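K.L.:
Mapping of the sequence shown onto the numbering used here: residues 1 to 369, in sequence order.
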Amino acid sequence: MKQFIKQYFYVVYWFLIRVKSVWRLLVDKSLTASETCFPEKCNCSRTRWNIFCQQLWHIIRYGGPNNFYFLYGLDIKGFHIASDYVDYSEFVRRRDYLNRIYPDSSVAILRNKFLFGLIARALKITTPRDIGIVEDGKLYLFDKSIHVSLEEYVETNQADVFIKSINGECADGVYHLEFDYGVIKINGVLCNFEDLQVMTANEKFILQEKIYQAKALAALHPYSINTIRLETVYNYKEKRIEILPPLLRVGTNKNEVDNWAAGGFAIGIDVEKKCLRKYGFYKPAYGTKAVRHPDTSILFEGYPIPFLEEAIEAAKRFHSYLTDVHSIGWDIAITDEGPCFVEGNDNWEISLVQVCSHGLMDDFKRLFY
């Protein structure tokens, strides 16, 4: 009886999810009539009805529409094949299952920035230098092993640093903090201490030195730290670490963050040539794609990425000590001295990797099943 009830509710849930998604498909024009990312191939564009039918099939199969349909170039006939691309919901289920098989896994190291820095430095992997921990209005300074008042510290010191939620993920809770004897700026906006106090209330933060990126990366957009996103996957069958195609995130419009969600670019990296690929892709709300940076006019294709090989080897070595976590998305800054690991994420996303390279279904089946 219990099995029957369970199966009944599963069928009802399966049906309702798809009904909801079909309704969204009917009312959200962006799912069937967005601007193509490949206008140079627009003479081969699919009709809106054809796109609707493909999205409907995607809903029946996976429970929701393909939000990356136009970014993948699936609106162009004979260009890319939908079955080559991993569905986001299917990916998340497998990623989370494989990363959480072990109840006491190393995921905690990735999710705690203090632990992440400790482990990285023990492995001789460069990370931003930790200054101290902020909690309850106090700052514990690592170099002096003392607690000081946070208010007193920002009023009597001068610094250009980053303050990060100690358990934040994927750049959540990360702020650029500047203070000059009581004059405070958060993400470039003039604030008072009360604003800083409210921001850090009820949560633990870590204070880190600012990263100064390599000149080649700064030239693309000097206002943001432009980071490599590199995914490593532990191949259980062959007992080795593999990588998925890396990409570079670059800020735009003088924004201090390189996030794609904030209007930045995601640009594929050619590992063999150690340089950028042809196109930088925007999140659809900000545009489609470009071959040059709009602010610096630098051409993407062929632009060299320094220390790429060293970054890849360091990521594989780091992951080799954390193999109870199946896959990790690394955010890596490049300085004049080499790669600097900003963070590692167990909840990384595959969609942008596919946008900047190609469909990863073959790799997904091989490495995630």
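Quick reminder that beta carbons are idealized off the backbone N, C-alpha and C, glycines included.
All of these numbers come straight from a predicted model, not from anything done at the bench.
(1) Any beta carbon from chain B within less than 7 Å of N112's own beta carbon?
(2) Classify Q354: buried if its beta carbon has 16 or more other beta carbons within 10 angstroms, exposed otherwise.
(3) Could you give the residue range of the alpha helix (DSSP H) that holds L356?
(4) Just to confirm before moving on: does the CB-CB distance between S145 and E203 stay below 7 Å?
(5) Please classify C42: does DSSP put it in a helix, a strand, or coil?
(6) Taking the alpha-carbon positions, what's the H293 to G280 distance?
(7) Give a yes or no on contact between the segment 95-103 and the segment 47-57, applying the rule of three or more CB pairs nearer than 8 Å.
(8) Could you tell me whether the segment 9-19 touches the segment 261-268, where touching means 3 or more Cβ pairs closer than 8 Å?
(9) If we require 3 or more residues per run, which beta strand (DSSP E) segments fall completely within the segment 284-341?
(10) Let me know the secondary structure DSSP gives L360 once reduced to three states.
(11) Can you grab the Cα-Cα spacing for the pair M199 / T156, in whole Å?
(12) Between the segment 187-201 and the segment 292-311, can you find at least three pairs of beta-carbon atoms closer than 8 Å?
(13) Starting from I228, follow its DSSP beta bridges and name the residues at the other end.
(14) Tell me the rounded alpha-carbon separation between A214 and D143.
(15) In whole angstroms, what separates the C-alpha of E231 from that of F91?
(16) Using the Cα positions of K283 and L31, report the straight-line distance between them to the nearest angstrom.
(17) Give every residue of the same chain whose Cβ lies closer than 6 Å to the Cβ of F68, excluding the five residues on either side of it in the sequence, and list them in chain order.
(18) Which residues in the same chain as W260 place their Cβ atom closer than 7 Å to its Cβ, once the five residues preceding and following it in sequence are excluded?
(19) Classify K289 as buried or exposed, calling it buried when 16 or more other Cβ atoms lie within 10 Å of its own Cβ.
(20) For P128 and A216, which I take to be in contact (beta-carbon distance under 8 Å), what is that distance rounded to the nearest angstrom?
(21) Look up N235 in the DSSP assignment and give the residues it is bridged to.
(22) Quick check: what's the CA-CA separation for P222 versus E151?
(23) Could you tell me whether the segment 312-321 touches the segment 237-249, where touching means 3 or more Cβ pairs closer than 8 Å?
(24) Rounded to whole angstroms, what's the CA-CA distance from N112 to F4? Just pull it up for me.
(25) Using 8 Å as the threshold, is the segment 100-120 in touch with the segment 71-81, meaning 3 or more CB pairs across them?
(26) Inspect the beta-carbon positions of V370 and L207 and report whether they are closer than 7 Å.
(27) The beta strand (DSSP E) spanning Q158 covers which residue range?
(28) If you check the beta carbons only, do I332 and P339 fall under 7 Å apart?
(29) Identify the residues that DSSP records as bridge partners of L141: which are they?
(30) My assumption, with CB atoms under 8 Å, is that E256 sits in contact with N167. Please give the rounded CB distance.
P.N.:
With the structure as the only source:
(1) Absence of chain B from the displayed structure is noted, only one protein chain being present.
(2) It counts as buried.
(3) It should be pointed out that residue 356 corresponds to Cys in this sequence rather than to Leu. Start and end: S351 to C356.
(4) no
(5) helix
(6) C-alpha separation (whole angstroms): 8 Å.
(7) When C-beta atoms of the segment 95-103 are compared with those of the segment 47-57, fewer than three pairs fall below 8 Å, so the two segments do not count as touching.
(8) With the cut-off at 8 Å, the segment 9-19 and the segment 261-268 do not touch.
(9) 327-335
(10) L360: coil per DSSP, three-state reduction.
(11) Our two residues, M199 and T156, have alpha carbons roughly 20 Å apart in a direct line.
(12) no
(13) Looking at the DSSP output, I228 bridges to L248 and I332.
(14) 27 Å
(15) 14 Å
(16) 14 Å
(17) So the qualifying residues of the chain are S351.
(18) So the qualifying residues of the chain are R249, A266, K283 and L352.
(19) Burial state of K289 is buried, judged by a 10 Å Cβ sphere holding 16 or more other Cβ atoms.
(20) For P128 against A216, the beta-carbon gap comes to about 19 Å, at or over 8 Å, which does not count as contact.
(21) R240
(22) 30 Å
(23) yes
(24) 42 Å
(25) no
(26) Residue 370 is absent from the model: the chain starts at 1 and stops at 369.
(27) Its beta strand (DSSP E) spans residues Q158 to S165.
(28) Yes. Within cutoff.
(29) G132 and I146
(30) Rounded, the Cβ-Cβ distance is 22 Å, inconsistent with contact.
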